[in-house]
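Heads up: the sequence shown begins at 1 in our numbering, then just goes up one per residue. I have placed the structure first, in the form of structure tokens, so that the comments after it can refer back to it.
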Amino acid sequence: GLSGWAISPAGETEDADAADAERLYRLLEEQIVPLYYTRNAADVPLGWVEKMRHALRLAGTTFTARRMVQNYVQEHYAPAIGGELAGDDPPTA
1 GLSGWAISPA GETEDADAAD AERLYRLLEE QIVPLYYTRN AADVPLGWVE KMRHALRLAG
61 TTFTARRMVQ NYVQEHYAPA IGGELAGDDP PTA
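As structure tokens, then:
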């Protein structure tokens with residue numbers, strides 16, 4: 001994709017770990033490493049930089065402080081105000 005790579009899932013008849021390793025190494029050899037080491041005259045990996053910029057733009061719309069605060073309020077603070085314990089809170093004596 002424009003912002004990264006994906007390892008396709010293993011088929012039902014394949015050993016999942018071996019299939020994942022094979023796909024990962026093939027992806028590294030055929031796409032990731034060449035993209036990183038293909039440099040222009042100024043020694044800048046333009047393709048790599050463009051992919052990273054796109055990834056940061058995409059992540060910036062999803063992973064924000066606002067979303068984090070909303071999640072904490074909904075999942076922890078609001079239940080605590082109501083006297084509920086979150087599932088990952090330690091039990092009290």
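For glycine and all other residues, C-beta sits at the position ideal for the given N, C-alpha and C. Fair warning: this is a prediction, and the values are worked out from it, not measured in the lab.
V44 and D20 have their C-alpha atoms some 31 Å from each other.
Less than 8 Å separates the beta-carbon of S8 from that of R23. Spanning the alpha carbons of V69 and A78 requires a straight line of approximately 12 Å. Rounded to the nearest angstrom, the Cβ distance from L27 to K51 is 13 Å, too far for a contact under 8 Å. One Cα belongs to T38, the other to A18, and the distance between them is close to 29 Å.
Straight-line measurement puts the Cα of G47 at about 10 Å from the Cα of R53.
For T61, the enclosing alpha helix (DSSP H) covers residues L46 to T62. Of all alpha-carbon atoms in G11, N40, W5 and V49, the one lying nearest the alpha-carbon of E30 is that of W5.
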